Structure formats: structure tokens, C-alpha cells
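If you count the sequence shown from 1, position 45 lands on 45 in the working numbering, and the numbers rise without skipping. All residues carry an ideal CB built from backbone N, CA and C; glycine is no exception. Nothing here was measured: the structure is a model prediction, and the numbers come from that model. Structure first, commentary second.
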Amino acid sequence: LVDGAVEMDQQGGKLERSDVYPLLEDSKPTVQLERIRVEWAKEQKKKEMGEEPSLMRALYKAYRWEVFGTFGIKFVYDCCVFSGPPVLNLMLSFLASKDQPQSRGYVLAAILLGTNLLQGFLLAHNFQR
């Protein structure tokens, strides 16, 4: 996608609407605006009861699960990233030692593979949503 845009720019062309991927239905501005309107209407009802409406509270209620879900994905991703060097250190000490069972090396290799696969999946999912 980026290479195509750079090539088009070098040829003097302009990007058109058809060059951009369409948004998912729940990512469209009209859907997002409706979510905020619903929560803001709830906040406005609090004004009738004497409580001050809060835009921040309305935004929090509208988007809390997306934000916390993203935090969760990023936290697990960061844990995988930080677990790599200690596991790699264990792998190097395994390779330097002659008296450790071979199964330990397979377990360490599987842990490295698993964390790297999980990192890739989480990072791709984080940027897609």
C-alpha cells in the first residue's frame, strides 16, 4: 500500500478515494457519533436531577471497553517482549552447559517461539482495531 502510494506520487498522480480501504461498519463516524450522543443524552438527564453533566464521563462510558481492551493487548505484548531476553539468556546458558537435559533446550525454544508468535498476533490485532 505504501509502495503504491510512493510510486503514484513519483509519477505525479494523486490519491483518490478508491485508493483507501473502506472503514469497518462500527468504525464509521456516524456510528461513533451515535455512541457519543447516547451517552451524552444520559448525562443530560442527570442535569434534570441536579447533577452536573460531564463530557469526560460520557466519553469514558462510550469507549471504555475499546480503551481497556487495547491496554490489555498492549500489556500482554510488552510482557512477551520483556520475557525474550531472559529466556534467550537461559538458552545461551543451556548451550554453554553440557550436563543439562536436551528436553530443556526444546522447552526454551518452544517458549521463544510461542512468545514471538503471540507478539506478532497481538501487535497485528492492536493496529487493526
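Alpha-carbon to alpha-carbon, residue j and residue i
i           : j           : result
residue 60  : residue 37  : 13 Å
residue 77  : residue 48  : 45 Å
residue 115 : residue 84  : 8 Å
residue 132 : residue 32  : The question about residue 132 has no answer here: the residues shown for the chain are numbered 1 through 129.
residue 3   : residue 10  : 11 Å
residue 127 : residue 71  : 12 Å
residue 100 : residue 113 : 20 Å
residue 28  : residue 20  : 14 Å
residue 7   : residue 65  : 39 Å
residue 90  : residue 106 : 12 Å
residue 44  : residue 50  : 10 Å
residue 69  : residue 117 : 20 Å
residue 104 : residue 98  : 12 Å
Enclosing alpha helix (DSSP H) for residue i [first to last residue]
i          : result
residue 39 : 29 to 48
residue 17 : Looking at the DSSP string, residue 17 is not in any alpha helix (DSSP H), and its letter there is neither H nor E.
residue 78 : 55 to 96
Test item: CB-CB of residue i and residue j under 7 Å
i          : j           : result
residue 24 : residue 73  : no
residue 81 : residue 111 : no
residue 34 : residue 62  : no
Per-residue burial, residue i [other beta carbons within 10 Å of its own, 16 or more giving buried]
i           : result
residue 108 : buried
residue 124 : exposed
residue 96  : exposed
residue 41  : exposed
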